[in-house]
Amino acid sequence: MKPPRSRGSQLYLLQLLCVATGLLLIVIDHWRVGIVLIGAAFVVGAVARSAVPIDHTGMLRVRGKAFDMVWMATLGVALIVLAVIIPNQSA
Numbered sequence: 231m232k233p234p235r236s237r238g239s240q241l242y243l244l245q246l247l248c249v250a251t252g253l254l255l256i257v258i259d260h261w262r263v264g265i266v267l268i269g270a271a272f273v274v275g276a277v278a279r280s281a282v283p284i285d286h287t288g289m290l291r292v293r294g295k296a297f298d299m300v301w302m303a304t305l306g307v308a309l310i311v312l313a314v315i316i317p318n319q320s321a
């Protein structure tokens with residue numbers, strides 16, 4: 231299997247790897263760290279979408295540039311905020 235050529239596709243696959251790692255952390259009962267990792271992956275994806283030229287976006291491009299950046303940044307920040315503000319539950 232050949233690695234993707236475009237910088238955006240490489241960044242997208244890195245983002246996907248971070249989300250998968252976050253999901254694994256959630257499964258092994260480190261949910262807060264996992265959610266923060268997933269949120270950070272989306273924030274980094276939003277920054278990457280703004281920095282990568284249009285002809286190199288590859289799989290990173292879903293809709294228009296503004297929509298992609300706002301959606302990923304909003305989702306990422308919301309996940310991080312939720313992970314931070316949810317209180318610990320003593321069992």
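Letter by letter, the sequence shown follows residues 231 to 321 in the numbering used here. We put the beta carbon where it would ideally sit given N, CA and C, even for glycine.
What is the DSSP secondary structure of residue i, counted as helix, strand or coil?
i	result
residue 237	helix
residue 245	helix
residue 256	helix
residue 315	helix
Can you list, in chain order, the residues of its chain whose CB lies under 6 Å from that of residue i, leaving out five sequence neighbours each side?
i	result
residue 282	237, 238
residue 306	269, 272, 273
residue 256	264
residue 302	272, 275, 276
residue 317	none
Please say whether residue j and residue i have beta carbons closer to each other than 9 Å?
i	j	result
residue 270	residue 248	yes
residue 313	residue 261	yes
residue 284	residue 295	yes
Starting from the C-beta of residue i, find all residues in its chain whose C-beta is less than 7 Å away, skip the five residues before and the five after it, and write them out in chain order.
i	result
residue 251	267
Report the residue from the options whose alpha carbon sits nearest the alpha carbon of residue i.
i	options	result
residue 275	257, 319, 242, 317	242
residue 244	258, 305, 272	272
Which complete alpha helix (DSSP H) runs does the segment 281-305 hold, if anything under 4 residues is left out? none
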